[in-house]
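Novice: Mapping the sequence shown onto full-length UniProt numbering, position 64 (from 1) lands on 64, and the numbers just tick up by one.
Quick one: structure below, then a few questions.
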Amino acid sequence: MRRGCRTTIGLALGAVLAFVEAAYVLLSLPALVVPSARRHVLAGARRLAEMERARLARYLRSENSADYGGRRALEYLAVRCVVGGLGAGVFVLILWGAVSGLVMASQFFSGAPIGGGDPIGDDHDWYDLPAVVLLGLLLVFIAVQGLIGVATLDRRVAHRFLGPSEQDLLRRRVSQLATSRAEVIEAVNDERKRIERDLHDGVQQRLVALGMVLGRALRSKDPEHANELVRQAHDESQQALQDLREVTWRVYPIALDSGGLEVALESLAERSSVPVTLDYALPERPGAATETVAYFVASEAVTNAIKHAGASRIGISVAGDGTMVSVRITDDGAGGAQASGGGLSGLARRVAAVDGVFTVDSPAGGPTTIEAELPCA
Numbered sequence: 001m002r003r004g005c006r007t008t009i010g011l012a013l014g015a016v017l018a019f020v021e022a023a024y025v026l027l028s029l030p031a032l033v034v035p036s037a038r039r040h041v042l043a044g045a046r047r048l049a050e051m052e053r054a055r056l057a058r059y060l061r062s063e064n065s066a067d068y069g070g071r072r073a074l075e076y077l078a079v080r081c082v083v084g085g086l087g088a089g090v091f092v093l094i095l096w097g098a099v100s101g102l103v104m105a106s107q108f109f110s111g112a113p114i115g116g117g118d119p120i121g122d123d124h125d126w127y128d129l130p131a132v133v134l135l136g137l138l139l140v141f142i143a144v145q146g147l148i149g150v151a152t153l154d155r156r157v158a159h160r161f162l163g164p165s166e167q168d169l170l171r172r173r174v175s176q177l178a179t180s181r182a183e184v185i186e187a188v189n190d191e192r193k194r195i196e197r198d199l200h201d202g203v204q205q206r207l208v209a210l211g212m213v214l215g216r217a218l219r220s221k222d223p224e225h226a227n228e229l230v231r232q233a234h235d236e237s238q239q240a241l242q243d244l245r246e247v248t249w250r251v252y253p254i255a256l257d258s259g260g261l262e263v264a265l266e267s268l269a270e271r272s273s274v275p276v277t278l279d280y281a282l283p284e285r286p287g288a289a290t291e292t293v294a295y296f297v298a299s300e301a302v303t304n305a306i307k308h309a310g311a312s313r314i315g316i317s318v319a320g321d322g323t324m325v326s327v328r329i330t331d332d333g334a335g336g337a338q339a340s341g342g343g344l345s346g347l348a349r350r351v352a353a354v355d356g357v358f359t360v361d362s363p364a365g366g367p368t369t370i371e372a373e374l375p376c377a
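If you want it as structure tokens, here you go:
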């Protein structure tokens, strides 16, 4: 009942506004040919359209975009006043029917007909009263359906005109794709530089140290000292192998192909030097592109939390509903992370490349929450 009353009030307000809008449209048409007045006319049309948008949101529960210009607002008002006029006509018929019904009821039950006549005739049959009641119920049903139809038209017209046009959406989509392509290229270049840096500063240095130790062992005249150098070389080779594995895992973990995102994240948690808890709740395995981006978001966030935030505990949560995958990484570190920072900006570009949403909440002093919402491929 509350919803019905609210909708009826909204339609009644729309019926009143329809006359104001019709007058505004008719009076503004001659002013459109004057360049100096056109801007004021379109601004006024937008203010009226904003009133309509607020009415629809409050009474008809129809949210519409405010991303439209004055010309589209004027076009909307030109169509909207017709819909509002239909609503006004329905309300007039309802009022007329209600007054007629009250008059007939008062004449019938008072026994003193107004105007000297019986509302259903002088010769009564047993079926006259049921026929009048059924006719009244039919008219009530038609009136209610008329209001429902006007409300539906009101919502559809607003949805059609309020907001960007299809051409505007297409232009924006093309611009987004061009930006996304540039960001993907930049992210790939950053990743290539990072891999080169890891190989140069990590694995290459280990191999250089290994060669130097082996050279010293070959030149040594003391067998015990040579054996000690060989043991050092063995340790260096193990560390170099570990560094190489780390680099390859950051390039692309093979576990994504063999076991999927859950197995890859479990391996990430096992290799972490800080305790990592994993909460994985995806109903089914997402596409390969989504899995790859989700893994790299988690991997980079864990690395940043360990290296820069000094976190002692990290949590990874993965959830989804079949259309979107949400990856949330939290840590108890020092906070202060910025989405525009070196590593996180690369993650933001990766997420944007698949039409995802990347957010960072990291107040000073922590905790830090990094979340990526990715569409399922």
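Beta carbons: idealized from backbone N, C-alpha and C, even for Gly.
For clarity, every value in this text was computed on a predicted model and none was experimentally measured.
Can you give me the C-alpha to C-alpha distance between VAL276 and GLU236, rounded to a whole angstrom?
Specialist: Here residue 276 refers to the residue found at position 276 of the sequence shown. Here residue 236 refers to the residue found at position 236 of the sequence shown. Near 28 Å, if we compare the C-alpha coordinates of GLU236 and VAL276.
Novice: Could you tell me which residues DSSP puts in a beta bridge with ASP361?
Specialist: Counting from one through the sequence shown, the residue named residue 361 turns up at place 361. Beta-bridge pairing links ASP361 to THR369.
Novice: Just mark PRO223 as buried or exposed, buried being the case when its beta carbon has 16 or more other beta carbons within 10 Å.
Specialist: Locating residue 223 in the sequence shown gives position 223, where the first residue counts as 1. Exposed: under 16 other Cβ atoms inside 10 Å.
Novice: Would you grab the beta carbon distance between VAL360 and ALA339 for me? Rounded to a whole angstrom, and I think it's under 8 Å.
Specialist: To locate residue 360, count along the sequence shown from 1; it is residue 360. To locate residue 339, count along the sequence shown from 1; it is residue 339. Confirmed, about 4 Å.
Novice: Quick one: Cα of ARG172 to Cα of THR179, how far?
Specialist: Here residue 172 is taken as the residue at index 172 of the sequence shown, counted from 1. Here residue 179 is taken as the residue at index 179 of the sequence shown, counted from 1. Cα-Cα distance, rounded: 10 Å.
Novice: Roughly how many whole angstroms lie between the Cα atoms of LEU60 and GLY10?
Specialist: Reading the sequence shown from its first residue, position 60 is the one you call residue 60. Reading the sequence shown from its first residue, position 10 is the one you call residue 10. Roughly 7 Å separates the two Cα atoms.
Novice: Residues bridged to SER326 by DSSP?
Specialist: Here residue 326 refers to the residue found at position 326 when the sequence shown is read from its first residue. Paired residues: ALA319, GLU373.
Novice: Is the separation between the beta-carbon of ALA294 and that of VAL327 shorter than 8 Å?
Specialist: For the purposes of this step, residue 294 is taken as residue 294 along the sequence shown, with counting starting at 1. For the purposes of this step, residue 327 is taken as residue 327 along the sequence shown, with counting starting at 1. Yes, Cβ-Cβ distance for ALA294 and VAL327 is below 8 Å.
Novice: Nearest-angstrom Cα distance between ILE316 and GLY260?
Specialist: As a working mapping, residue 316 is identified with position 316 in the sequence shown. As a working mapping, residue 260 is identified with position 260 in the sequence shown. Whole-angstrom Cα-Cα distance: 16 Å.
Novice: Among ARG58, VAL99, ALA43, whose alpha-carbon lies nearest the alpha-carbon of LEU74?
Specialist: Within the sequence shown, residue 74 is the residue found at index 74, counting from 1. Ranking ARG58, VAL99, ALA43 by Cα distance to LEU74 puts ALA43 first.
Novice: Let me confirm a value: CYS5 is counted as buried when at least 16 other C-beta atoms fall within 10 Å, else exposed. Which label applies?
Specialist: To locate residue 5, count along the sequence shown from 1; it is residue 5. Exposed, since its Cβ has fewer than 16 Cβ neighbours within 10 Å.
Novice: So, is ILE329 buried or exposed, given that buried needs 16 or more other C-beta atoms within 10 angstroms?
Specialist: For this step, residue 329 is matched to residue 329 along the sequence shown. Flag for ILE329 reads buried.
Novice: Is the separation between the beta-carbon of GLU21 and that of GLY84 shorter than 8 Å?
Specialist: By one-based count along the sequence shown, residue 21 stands at place 21. By one-based count along the sequence shown, residue 84 stands at place 84. Yes, the Cβ-Cβ distance between GLU21 and GLY84 is below 8 Å.
Novice: Helix, strand or coil for ASP235? Go by DSSP, reduced to three states.
Specialist: For the purposes of this step, residue 235 is identified with residue 235 of the sequence shown, where counting begins at 1. Here ASP235 sits in helix by DSSP.
Novice: Under a three-way DSSP split, which group does ASP190 fall into?
Specialist: As a working mapping, residue 190 is identified with position 190 in the sequence shown. Here ASP190 sits in helix by DSSP.
Novice: What separation, rounded to the nearest whole angstrom, lies between the Cα atoms of ARG271 and PRO375?
Specialist: Locating residue 271 in the sequence shown gives position 271, where the first residue counts as 1. Locating residue 375 in the sequence shown gives position 375, where the first residue counts as 1. Roughly 28 Å between the two C-alpha positions.
Novice: If you count every other CB in all the chains shown that lies within 10 Å of the CB of GLY346, and 16 or more means buried, which is it?
Specialist: Locating residue 346 in the sequence shown gives position 346, where the first residue counts as 1. With 16 or more other Cβ atoms within 10 Å, it is buried.
Novice: Using C-beta distances below 7 Å, list every residue in its chain close to ALA364, excluding the 5 sequence neighbours before and after it, in chain order.
Specialist: Sequence index remark: in the sequence shown, residue 364 carries index 364 (1-based). Here the set comprises GLY335, GLY336.
Novice: Under a three-way DSSP split, which group does VAL276 fall into?
Specialist: The count along the sequence shown starts at 1 and reaches residue 276 at position 276. Residue state, collapsed to three classes: strand.
Novice: Would you kindly check if the distance between the Cβ of ALA255 and the Cβ of SER267 is under 8 Å?
Specialist: Position 267 of the sequence shown holds residue 267. Position 255 of the sequence shown holds residue 255. Taking 8 Å as the Cβ cut-off, SER267 and ALA255 qualify as a contacting pair.
Novice: With a threshold of 16 other CB atoms inside 10 Å of the CB of ASP67, please say whether the residue is buried or exposed.
Specialist: As a first step, residue 67 must be located in the sequence shown, where it is residue number 67. That one is exposed.
Novice: Relative to the C-alpha of THR290, which candidate in ARG47, SER100, ALA353, LEU27 has its C-alpha closest?
Specialist: Counted from its first residue, the sequence shown places residue 290 at position 290. Minimum Cα distance to THR290 is reached at ALA353.
Novice: Between which two residues does the alpha helix (DSSP H) harbouring ILE254 extend?
Specialist: Counting from 1 along the sequence shown, the entry for residue 254 is found at position 254. Counting along the chain, ILE254 falls outside any alpha helix (DSSP H), and DSSP gives it neither H nor E.
Novice: So is PHE296 buried or exposed if we call it buried at 16+ other beta carbons inside 10 Å?
Specialist: Residue numbering aside, residue 296 sits at position 296 when the sequence shown is read from its first letter. With 16 or more other Cβ atoms within 10 Å, it is buried.
Novice: Find the nearest neighbour of PRO283 within the set LEU177, GLU262, ALA309, judged by alpha-carbon distance.
Specialist: As a working note, residue 283 is residue 283 in the sequence shown. Looking at the Cα atoms, GLU262 is the closest of the given residues.
Novice: Apart from the five residues just before and just after ARG313, which ones in its own chain have a Cβ nearer than 6 Å to its Cβ?
Specialist: Counting from one through the sequence shown, the residue named residue 313 turns up at place 313. Closer than 6 Å at the Cβ level, and outside the excluded window around ARG313, lie PRO275, ASP332.
Novice: Can you give the Cα-Cα distance for ARG206 and LEU229, rounded to whole angstroms?
Specialist: As a working note, residue 206 is residue 206 in the sequence shown. As a working note, residue 229 is residue 229 in the sequence shown. Between ARG206 and LEU229, the C-alpha separation is close to 15 Å.
Novice: Should SER106 be labelled buried (16 or more other beta-carbon atoms within 10 Å of its own) or exposed?
Specialist: Taking the first residue of the sequence shown as 1, we reach residue 106 at position 106. It counts as exposed.
Novice: Alpha carbon to alpha carbon, what distance is there between VAL174 and VAL302?
Specialist: Counting from 1 along the sequence shown, the entry for residue 302 is found at position 302. Counting from 1 along the sequence shown, the entry for residue 174 is found at position 174. About 34 Å.
Novice: Measuring CA to CA, which of LEU138, ASP190, HIS308, GLY70 is closest to ALA37?
Specialist: Numbered from 1 along the sequence shown, position 37 holds the residue referred to as residue 37. It is GLY70 whose Cα lies nearest to the Cα of ALA37.
Novice: Hey, could you find the ends of the alpha helix (DSSP H) LEU268 is sitting in?
Specialist: In the sequence shown, counting from the first residue as 1, residue 268 sits at position 268. LEU268 -> alpha helix (DSSP H) spans 261-271.
Novice: Distance check for ALA151 and ASN64, CA to CA, integer angstroms please.
Specialist: Translated into the one-based positions of the sequence shown, residue 64 becomes position 64. Translated into the one-based positions of the sequence shown, residue 151 becomes position 151. ASN64 and ALA151: Cα-Cα distance of roughly 15 Å.
Novice: Where does GLU186 land, buried or exposed, given buried means 16+ other C-beta within 10 angstroms?
Specialist: Residue mapping note: residue 186 aligns to position 186 of the sequence shown, counting from 1. By the 10 Å Cβ count, GLU186 comes out exposed.
Novice: I think ALA298 touches LEU344, with their Cβ atoms under 8 Å apart; what is that distance to the nearest whole Å?
Specialist: As a first step, residue 298 is located in the sequence shown; it is residue number 298 there, counting from the start. As a first step, residue 344 is located in the sequence shown; it is residue number 344 there, counting from the start. So it is not a contact: roughly 13 Å between Cβ atoms.
Novice: What span of residues does the alpha helix (DSSP H) with LYS307 cover, start to end?
Specialist: Translated into positions along the sequence shown, residue 307 becomes position 307. Here the alpha helix (DSSP H) through LYS307 covers 288-307.
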